[in-house]
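Worksheet: the structure to be examined is printed underneath.
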Amino acid sequence: MQKVASFWYTKPNNKKTLVGGGISQLEILCIKSWLDNRFEFNLYTYNLDDKIFNYFKNNFSNFKLQDANEIIKFEDMFSDDRGVGVAGFSDYFRFKMIYKTGITWVDLDMVCLNYFNIDSDYLFIKEKIKNGNEYYEQITTSMMKFPAGSEFGEYLITESEKLISNRKVIPWGIIGPEFLNKACIEKDLEQYALGYLEACQISYYEVEKFVLKNTNLDISQKCLHLYNEMWRGIGINKNNIYNKNSIYEKLKNKYRVYEILDDLNLKSTKNYLEILKILWKFSKIRVYVRNPKRILKTLTLRK
């Protein structure tokens, strides 16, 4: 059975997750998608008593709950200066985990759409980057693999540690996608990267498409990166129930997320005001209301 692995840490008193558990519906969806597509999912965590993690452990033979201390001791954990402060440590953790085990890393916001072969020495994925009106592809950190004990893994760890420099708080992103992309170019490993359509067909700058209805999705692709950090940034609630025709709801129903929530007695929210706020934020009407001159310009062009 092919193996993937990820990491999660919930800080004490974190109120932005599910009541009674450390992760949201989005992370439950991602774990379940890999299990249903016949992968072994290894979750490394310092929260070994988490009831959701133990539910998976007790109900799915291909889910393995792993002690993160086996990779990095808890006392050596550090934070970054953005969001919940775990992203930078997670980047470093994945380099160390792959170097030790050779298991393919997947972010906990990466949904598996179909079974596919990851039995290769190296595996990376690309995402689509927007810079003004220009677009380009770049290797990102959300799914990756290299051989255990490899020279490349040692290089990533060594260069990361130079940037971390024994600090307990590091700048967000300094050992993230740009760092990995640069390393892959320097070591001539770009050839092992999947194109962005294979795992990141909806980009980070259009995350509203996951929760708004009737967005096209190519379900024949390998994976779908949901860009959890962008949801947090624009205030999309991962535990909300959205339109049944949205990508997020279709995937939750396909992988029976609501059955797991029922088993765990965890409730979803149905906040219509939040949904209206998302619709308003990304609507053309909002653009015209905030820029009334554009209405006149549009009407003039139509004459």
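When you line the sequence shown up against the working numbering, it's residues 7 to 309, in that order. Virtual Cβ for every residue (Gly too), placed ideally from N, Cα, C.
Determine the contact status of residue i and residue j, defining contact as a CB-CB distance below 9 Å.
i: threonine 147; j: glycine 182; result: yes
i: glycine 89; j: tryptophan 178; result: yes
i: proline 153; j: glycine 94; result: no
i: alanine 132; j: tyrosine 210; result: Checking the sequence shown, residue 132 turns out to be lysine, not alanine. It is not a contact, given that the beta carbons lie outside the stated cut-off.
i: threonine 149; j: aspartate 113; result: Looking at the sequence itself, residue 149 is methionine, so the reference to threonine does not match. A contact, by the Cβ cut-off of 9 Å.
i: tyrosine 248; j: lysine 219; result: yes
i: phenylalanine 216; j: serine 274; result: no
i: tyrosine 121; j: phenylalanine 45; result: yes
i: isoleucine 242; j: valine 213; result: yes
Would you please state the rounded distance, in angstroms, between the beta carbons of residue i and residue j? I believe it to be under 8 Å.
i: aspartate 55; j: leucine 232; result: Going by Cβ atoms, the distance from aspartate 55 to leucine 232 rounds to 27 Å, so no, they are not a contact pair.
i: glutamine 72; j: leucine 49; result: 6 Å
i: alanine 5; j: tyrosine 52; result: Given a span of 7 to 309 for the chain in the structure shown, any question on residue 5 remains unanswerable.
i: aspartate 86; j: isoleucine 208; result: Their Cβ separation, rounded to whole angstroms, is 25 Å, which puts aspartate 86 and isoleucine 208 out of contact at 8 Å.
i: lysine 63; j: tryptophan 111; result: At roughly 20 Å, the Cβ-Cβ gap does not stay under 8 Å, so lysine 63 and tryptophan 111 are not in contact.
i: glutamine 227; j: isoleucine 124; result: At roughly 14 Å, the Cβ-Cβ gap does not stay under 8 Å, so glutamine 227 and isoleucine 124 are not in contact.
Taking the DSSP output, what are the residues bridged to residue i?
i: serine 226; result: None; serine 226 has no bridge partner.
i: phenylalanine 13; result: Tyr50
i: methionine 116; result: His231
i: valine 275; result: This sequence places threonine at residue 275; valine is not what is there. DSSP, once it has assigned bridges, lists Asn246 as partnering threonine 275.
i: serine 252; result: Lys219
Practice problem: State whether the stretch 36-43 contacts the stretch 63-70, with contact taken as three or more CB pairs (one from each stretch) at a distance under 8 Å. | Solution: The stretch 36-43, when compared against the stretch 63-70, does touch it at the 8 Å Cβ threshold.
Quiz prompt | Runs of alpha helix (DSSP H) lying entirely within the stretch 130-202, each at least 4 residues, in chain order | solution = 157-170 and 183-192
Self-check item: Every unbroken alpha helix (DSSP H) within the stretch 28-110, with a cutoff of 4 residues, ordered by chain
Solution: Correct list: 31-42, 57-65 and 93-107.
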